[in-house]
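Written out below as structure tokens is the structure these notes cover.
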Amino acid sequence: MKKMTEILKKNKDEALLIFLCYLFTSGGHLAWTYHLTQLFSPVASDLLSMVAAYLCQAAGIALYTLAVVKAGQAWTGQDDKRSVVVAIALYVLCMIPAVMSRSNAGSVLFGLVMSVFCGYIAAYYIDRLMEVSFSERGRVFGASYAGVTLLSWIISLIGRRALVRGGRSVLVQSLAAAVTVWLIVRIPDSAGENENSENSTARAFSLSAVKSDKTLLRICVLILMVSMAKNIGSAFSSVDLLHGVSVEFTRIFYAAGLIIAGSVTDRSRKDGAILTITSLVLPFIVLALSGEPVPATFFWVLGYFVFGFFSVYRIITLTDKAQTAGIALLAAGGLLLGRIGDAAGTTVSTLLSRSQALMVASALVFFIISIVLFFSLYQELYEPQAAAVPEVKSEEERFALFAAKYDMSAREREVLRLVLRQMTNTQIAETLVVSESTVKFHIHNLLRKTGCKTRLELGTLYLQSKD
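Position in the sequence shown (from 1) plus 19 gives the number in the numbering used here.
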């Protein structure tokens with residue numbers, strides 16, 4: 020617990036940003052879902068909130084990426100801030116009619132548009148997660164999401180869910196959104212500015228380069244398959260163990276899973292991944308034990324606990340790949356693919372709801388595909404020392420290996436590039452459009468991580484690493 024507190028304190032801006040953004044976006048989605056249940060049948064409300072809305076969130080994530088790519092080097096950290104502040108304002112404006120409209124069409128329309136802005140906001144805070152070091156990223160993300168999960172559970176207990184429905188919910192989420200805007204505006208340059216130098220790779224995005232990266236493509240397919248297998252498996256009739264139990268109460272176990280998943284993943288990416296993939300077998304175990312004298316509550320708790328591992332896995336896996344590839348815009352791809360997989364899995368389970376045999380068979384297909392893909396990636400991602408050492412062919416690959424070795428954030432990489440070009444602090448500050456104190460802050464971190472005492476020693480260490 021002490022270690023977790025230190026990490027959150029160190030990364031307080033990123034942790035608080037993720038916490039606040041997730042708080043009002045998830046709260047708005049929940050309030051809208053409750054409203055849909057009053058307007059439509061259970062099946063229709065599920066398709067709207069868990070299929071159409073998730074696809075709209077995926078579209079919002081893609082929209083953020085396209086906006087940054089289209090602007091190219093002209094897009095700065097201030098542009099990031101302005102665009103997400105506008106997205107938050109539009110989210111709140113759409114949430115009001117989505118949650119309070121008595122018109123079926125109006126509620127659906129504004130709810131889906133709200134979901135697009137939700138995805139845009141999520142892409143922003145996941146992009147900011149790149150500022151957190153590799154060894155702390157899982158805990159910052161997991162603890163932030165867990166904090167919201169627990170707080171939303173507490174809020175749901177007040178006045179019999181009065182604060183998560185209707186006008187009161189809109190007021191609560193609007194206040195959280197206002198605080199988020201305040202935080203975004205005050206975030207200092209050291210964490211709030213985006214890279215925009217001519218040599219920047221963190222904001223570069225080449226579709227052809229992504230297509231040619233076979234490892235990345237397999238990771239993307241794996242995340243999609245895992246999300247589909249998880250969603251279909253959770254729809255098995257024998258897994259529905261919530262009879263007589265408050266749905267809100269499940270958030271306690273989900274929060275615990277998030278925190279533990281974050282800690283396990285930071286200590287070992289391999290262990291976190293193995294636990295996530297292994298947990299896909301849980302619905303099949305429950306199905307096999309149906310009718311046996313096994314406490315249903317145990318599987319109920321376990322099911323929501325491992326859900327935290329899914330959430331952390333799909334975010335951290337692609338965030339790590341984005342950092343090693345030097346393309347920060349890939350980071351939100353894990354959530355985008357996860358949302359598409361969630362929507363597809365819900366659609367399949369709904370279509371096959373009358374035939375448990377077909378539902379189980381479809382879940383088994385996606386489970387097998389996930390296992391095959393995972394083991395095809397296992398050696399490359401989690402056992403690098405056992406794999407053949409690839410030939411370093413370019414300066415960019417050498418730089419990426421050096422930066423990864425010393426666990427450098429995206430911002431630290433940009434500062435290092437300019438240091439290696441023998442720029443002064445003033446020149447670096449002008450190039451990155453930040454203050455000199457911010458430059459000194461990052462150079463201090465670079466020297467600390469590499470064990471160097473001077474910039475000259477840092478440059479020498481880099482040159483030696485190329486030999």
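We put the CB at the ideal spot given by N, CA and C, even for glycine. Bear in mind the structure is a predicted one, so any value in this text is a computation, not a measurement.
With burial defined as no fewer than 16 other Cβ atoms inside 10 Å of the residue's Cβ, what is the status of residue i: buried or exposed?
i      : result
Asn123 : exposed
Thr376 : At residue 376 the sequence reads Ala, which differs from the Thr that was named. That one is exposed.
His54  : buried
Phe394 : exposed
Phe43  : buried
Ile304 : exposed
Gly470 : exposed
Trp201 : exposed
Ser389 : buried
Asp105 : Note on identity: in this sequence residue 105 is Val, with Asp being the wrong assignment. Per the 10 Å Cβ criterion, exposed.
Glu33  : buried
Ser60  : exposed
Ala380 : exposed
Val391 : exposed
Arg430 : buried
His262 : The predicted position of His262 is uncertain, since its pLDDT is 45 and thus under 50; no value can be drawn from it.
In whole angstroms, give me the CA-to-CA distance for residue i and residue j.
i      : j      : result
Ser175 : Val183 : 6 Å
Cys75  : Thr479 : 49 Å
Tyr401 : Ser287 : 9 Å
Leu356 : Ser188 : 29 Å
Arg12  : Arg467 : Residue 12 is absent from the structure shown; the chain starts at 20 and stops at 486.
Ser45  : Thr199 : 14 Å
Thr234 : Val240 : 10 Å
Leu308 : Ala162 : 33 Å
Gln57  : Ala448 : 55 Å
Leu396 : Arg156 : 21 Å
Ser152 : Phe329 : 21 Å
Gln398 : Ser246 : 22 Å
Glu150 : Val204 : 17 Å
Gly353 : Cys137 : 15 Å
Asn30  : Leu435 : 21 Å
Val300 : Leu66  : 25 Å
Gly291 : Lys28  : 24 Å
Ala197 : Val103 : 12 Å
Ser193 : Ser484 : 51 Å
Phe383 : Thr24  : It should be noted that the sequence gives Leu, not Phe, for residue 383. Each residue's alpha carbon lies about 40 Å from the other.
Met69  : Leu243 : 15 Å
Leu349 : Leu337 : 7 Å
Ile107 : Ser456 : 30 Å
Ser374 : Val132 : 34 Å
Mapping DSSP to helix, strand and coil, what is residue i?
i      : result
Leu235 : helix
Ile296 : helix
Trp471 : Residue identity differs from the one stated: residue 471 is Cys in this sequence, not Trp. Coil, per DSSP.
Ser216 : Note that Ser216 scores a pLDDT of 36, beneath 50, so its modelled location is shaky and nothing firm can be said.
Ser454 : coil
Leu170 : helix
Thr56  : helix
Tyr425 : coil
Glu414 : helix
Met442 : coil
Leu482 : helix
Glu402 : coil
Glu433 : helix
Val151 : coil
Ser68  : helix
Ile279 : helix
Ser134 : helix
Arg373 : coil
Gly157 : helix
Arg101 : helix
Ala350 : coil
Asn30  : coil
Arg358 : helix
Thr187 : A small fix is needed here, since residue 187 is Arg in this sequence, not Thr. Arg187 falls in the helix class under three-state DSSP.
Ser389 : helix
Compare the C-alpha of residue i against each of the options and name the closest.
i      : options                        : result
Val62  : Leu371, Asn444, Phe460         : Leu371
Arg358 : Ala50, Ile80, Arg430           : Ile80
Gly130 : His461, Glu414, His48          : His48
Thr168 : Ala72, Met244, Tyr273, Met133  : Tyr273
Arg147 : Ser389, Ile334, Cys113, Thr24  : Ile334
Ile251 : Leu190, Arg270, Ala363, Trp172 : Ala363
Ile26  : Arg417, Ser282, Leu383, Ala429 : Ser282
Thr366 : Pro302, Ile293, Ala254         : Ala254
Phe326 : Pro302, Ala72, Leu306          : Pro302
Lys289 : Val331, Ser374, Phe418         : Val331
Ile296 : Leu109, Thr284, Ser126, Phe386 : Phe386
Could you tell me if the beta carbon of residue i falls within a distance shorter than 7 Å of some heavy atom in the ligand NAD?
i      : result
Arg270 : Of the ligands one can find in the structure shown there are none, so the ligand NAD has no counterpart to examine.
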